[in-house]
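Q: Pasting a structure below so you can have a look.
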Amino acid sequence: MALFWLAQPRPSGQPDRPGRSAKGLSSVNRIQINQIIMKKLLTVLAIVGMAFSAQAQASLADQISENQTDWLLGAWEADIDGNALSLSYKWVVKDHVVASHLKTNDNESYSLIGLNPKTGEIEQTGYDSQGKKSTGKWGPKGDMPMLIVTSTSDTDEKQSMAVAFRKIDENNIEAQIFEVDASGNTGDFSTFSFEMKRKKEKK
Numbered sequence: 006m007a008l009f010w011l012a013q014p015r016p017s018g019q020p021d022r023p024g025r026s027a028k029g030l031s032s033v034n035r036i037q038i039n040q041i042i043m044k045k046l047l048t049v050l051a052i053v054g055m056a057f058s059a060q061a062q063a064s065l066a067d068q069i070s071e072n073q074t075d076w077l078l079g080a081w082e083a084d085i086d087g088n089a090l091s092l093s094y095k096w097v098v099k100d101h102v103v104a105s106h107l108k109t110n111d112n113e114s115y116s117l118i119g120l121n122p123k124t125g126e127i128e129q130t131g132y133d134s135q136g137k138k139s140t141g142k143w144g145p146k147g148d149m150p151m152l153i154v155t156s157t158s159d160t161d162e163k164q165s166m167a168v169a170f171r172k173i174d175e176n177n178i179e180a181q182i183f184e185v186d187a188s189g190n191t192g193d194f195s196t197f198s199f200e201m202k203r204k205k206e207k208k
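According to this note's numbering, the residues represented by the sequence shown are 6 to 208, in order.
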């Protein structure tokens, strides 16, 4: 109320304060009030915007935690009829990007796995030593995490397959290979499977 008093007309016989204009003070104070209100409004909007942004932007780490598939992270190895195979998953950008490294006797590939912010899907993109590019998506196959991946050669030849992982215990997993049809659907049963052991970390 004290601010609005400055704009009230004065009774006759009461002089204005020396050197001040009631009308001028009223305009100045209104501008100051509007500036204060705008600053507070912008602050509130900024806080609300940050809150909505934090809620909307889920991370890859959130998805892994929600699906309880963090057991797949680490280094794994297998021997398939005398052919050595190693596979690893490790964080390269905290909470947001996982790097995958697959190595066999005749091929080697590196891929990055991340969450598509527009679709919310977990996507993987990589390249191998034969010059092929691979793109894929992660999703569930029953209670197993599964990657459906398509590789493309320099002649535009495409091949698709899927691999799902079953946890046996903390140090052993099973990889199950599935066929993928032209529509991108996987078969009900795996065509091939093999076990992998957790690779001991180098000290």
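Heads up, the beta-carbon is just placed ideally off N, CA and C, and yes, glycines get one too.
This structure is a prediction, so every number in the text was calculated from the model and none was measured.
Going by Cα to Cα distance, which pick from G189, N110, K138 is closest to A83?
A: N110
Q: Please name the residue or residues paired with N88 in a DSSP beta bridge.
A: In the DSSP output, where bridge partners are listed per residue, N88 has I85.
Q: Closest by CA to D193, which one among D174, K202, V168, E179?
A: V168
Q: May I ask you to check if the CB of K146 is nearer than 7 Å to at least one heavy atom of the ligand COA?
A: With respect to small molecules bound, the structure shown includes none, and the ligand COA cannot be examined in it.
Q: Is the CB-CB distance between T196 and E184 below 8 Å?
A: yes
Q: Quick one: is L47 buried, meaning 16 or more other Cβ sit within 10 Å of its Cβ, or exposed?
A: exposed
Q: Applying the 10 Å Cβ sphere with the 16-neighbour rule, what's the burial state of T191?
A: Buried.
Q: Taking all protein chains shown into account, decide if Y94 is buried (16 or more other Cβ within 10 angstroms of its Cβ) or exposed.
A: When all chains shown are included, Y94 counts as buried.
Q: With C-beta atoms as the reference, is V98 less than 8 Å away from I118?
A: no
Q: Starting from N177, follow the beta strand (DSSP E) in both directions and report where the run begins and ends.
A: Here the beta strand (DSSP E) through N177 covers 177–183.
Q: Taking DSSP's pairing of strands, which residues face E128 in a bridge?
A: G119, K142
Q: Assuming E113 and S134 are in contact, meaning their beta carbons sit under 8 Å apart, how far apart are those beta carbons, in whole angstroms?
A: 5 Å
Q: Under a three-way DSSP split, which group does K44 fall into?
A: Here K44 sits in helix by DSSP.
Q: Whole angstroms is fine: what's the gap from K137's alpha carbon to Y115's?
A: 11 Å
Q: So which of T155, W76, N34, N72 has the shortest CA-CA distance to D174?
A: W76
Q: In angstroms, rounded to a whole number, what distance separates the CA positions of D100 and K163?
A: 31 Å
Q: Contact defined as beta carbons within less than 8 Å: I believe I85 pairs with F170. What is the distance between those atoms, to the nearest angstrom?
A: Not quite, the Cβ-Cβ distance comes to about 16 Å (not below 8 Å), so this is no contact.
Q: Per DSSP, which residues does G79 bridge with? Please list them.
A: Y94
Q: Taking K202 as the reference, give the member of S91, L65, N72 with the closest Cα.
A: S91
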